[in-house]
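Participant: Residue numbering for the sequence shown is 2 to 258, as defined by the working numbering. Heads up, the beta-carbon is just placed ideally off N, CA and C, and yes, glycines get one too.
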Amino acid sequence: MTLRTKTPLLALALAAGTGSAGAQDLLDLYRINRMHSLSRVVEDSLLPARPPQNVGTRFTELAYWPSPATPNDAVTPVPVVVVNRFQKVPKLGRNWFQNRFAIQQWAYEGSNRLTPIDTMYTRELRSRLEAHFGSPTQTLADQGLLYKLKLDEYVQFEYWFVINDTIPLVVMDVNGPFERGVVVATDESHREILNRVKDAFLNRLVLDPRRKAYADYYFENELGSWFLTGFDGNRYFLNVVDPRRVPPGRPVAPIRN
2 MTLRTKTPLL
12 ALALAAGTGS
22 AGAQDLLDLY
32 RINRMHSLSR
42 VVEDSLLPAR
52 PPQNVGTRFT
62 ELAYWPSPAT
72 PNDAVTPVPV
82 VVVNRFQKVP
92 KLGRNWFQNR
102 FAIQQWAYEG
112 SNRLTPIDTM
122 YTRELRSRLE
132 AHFGSPTQTL
142 ADQGLLYKLK
152 LDEYVQFEYW
162 FVINDTIPLV
172 VMDVNGPFER
182 GVVVATDESH
192 REILNRVKDA
202 FLNRLVLDPR
212 RKAYADYYFE
222 NELGSWFLTG
232 FDGNRYFLNV
242 VDPRRVPPGR
252 PVAPIRN
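#1: Apply the 10 Å Cβ neighbour rule to M259 and answer buried if 16 or more other Cβ atoms are within range, or exposed otherwise.
#2: Count the other CB atoms, across all protein chains shown, that sit within 10 Å of the CB of A103; report buried if there are 16 or more and exposed otherwise.
#3: Write down the C-beta distance between Y218 and L141 rounded to the nearest angstrom, noting that I regard them as a contact closer than 8 Å.
#4: Which one or two residues does DSSP pair with N240 in a beta bridge?
#5: Distance check for Y122 and E180, CA to CA, integer angstroms please.
#6: Going straight from the alpha carbon of V242 to that of A132, what length do you get?
#7: To the nearest angstrom, report how far apart S112 and P255 are at their CA atoms.
#8: To the nearest angstrom, how far is it from the Cα of R86 to the Cα of K213?
#9: Whose C-alpha, out of R246, Q106, G234 and T187, is nearest the C-alpha of T125?
#10: In the DSSP assignment, find the unbroken alpha helix (DSSP H) run with I118 in it and report its ends.
#11: Quick one: grab the DSSP three-state call for V198.
#12: Identify the continuous alpha helix (DSSP H) that holds Q105 and give its terminal residues.
#13: Candidates N34, V84 and P80: which alpha carbon is nearest A201's?
#14: With a Cβ-Cβ cutoff of 8 Å, do V185 and V172 count as a contact?
#15: How many angstroms separate the CA atom of I168 from the CA atom of Q144?
#16: So if DSSP puts R181 in a beta bridge, which residue, or which two residues, is it bridged to?
#17: Give me the Cβ distance between L229 and A216, rounded to the nearest whole Å; I'm assuming they're in contact under 8 Å.
#18: Buried or exposed for T120, going by 16 or more other Cβ atoms inside 10 Å?
#19: Give me the Cα-Cα distance between F158 and P178, rounded to the nearest whole angstrom.
#20: Give every residue of the same chain whose Cβ lies closer than 8 Å to the Cβ of T116, excluding the five residues on either side of it in the sequence, and list them in chain order.
#21: Take I164 and list the residues in its own chain whose beta-carbon comes closer than 7 Å to its own, dropping the five residues that flank it on each side.
#22: P163 lies in the beta strand (DSSP E); which residues open and close that run?
#23: Within this structure, are the beta carbons of R129 and L206 separated by less than 8 Å?
#24: Only counting the same chain, and skipping five residues up and downstream in sequence, which positions put a Cβ closer than 6 Å to that of V247?
#25: What is the rounded straight-line gap between the Cα of V253 and the Cα of W97?
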């Protein structure tokens, strides 16, 4: 087969290269030369760039489309929430909390962002919450659900707080210890600042990662089984339990030195 070409570079390569290695070099040179030729054709055919122009529209929604921001446009900073004081509500203080705030409409935020709190295992968060704030305000064992054979929806644990004397905040686990993150809730009137309150308040769990032993009952819906789960100071554990054979109330956390 005869290879015909008008490319001087290719003709030069034909004269210089022989054998299989030379043929491969020849093909590489041809591809490079061809690519450069095509790129020059494309560059010559390009039109100069022009500034954007408003072509007008008969649709009201688009007629008032905002103009692109410029470096000189002022940006309104988002106020930072500072937690000056907080109060954790104990188990026996639930009625006081409910009477004081009497919340009719709750606002919630789950693990919707790639923050350390939202991506950390819930069991790890629970051990850190235990170290920073003590035992939860309410657990699964406090709700009288331990002897039911099936649970569709339940809250594993809840910490109730009052932030800066005026903001009610509930931190809860709604998916069990093997998920990530926690759900926070407050009164609807504080919805706009909920994520900032969450970050400002719970960031201490990241800055100070100390943990404390704990134990909870956990119901696995797919298996229809109850477990004792928690942290013994060294490792996390999960043991099957028969709810008919456990004493009432919260379980005691085993401590391993």
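Facilitator: This is what the structure gives:
#1: Shown here, the chain extends from 2 to 258; a query on residue 259 therefore has no answer.
#2: exposed
#3: 5 Å
#4: L229
#5: 6 Å
#6: 26 Å
#7: 30 Å
#8: 23 Å
#9: Inspection of the sequence shows that residue 125 is occupied by Glu rather than by Thr. It is G234.
#10: P117 to T120
#11: helix
#12: No alpha helix (DSSP H) contains Q105, which DSSP labels as neither H nor E.
#13: V84
#14: yes
#15: 25 Å
#16: Y122
#17: 6 Å
#18: exposed
#19: 10 Å
#20: D200
#21: V84, F87, L170, V198 and F202
#22: It should be noted that the sequence gives Val, not Pro, for residue 163. Element bounds for V163: F158 to I164.
#23: yes
#24: none
#25: 26 Å
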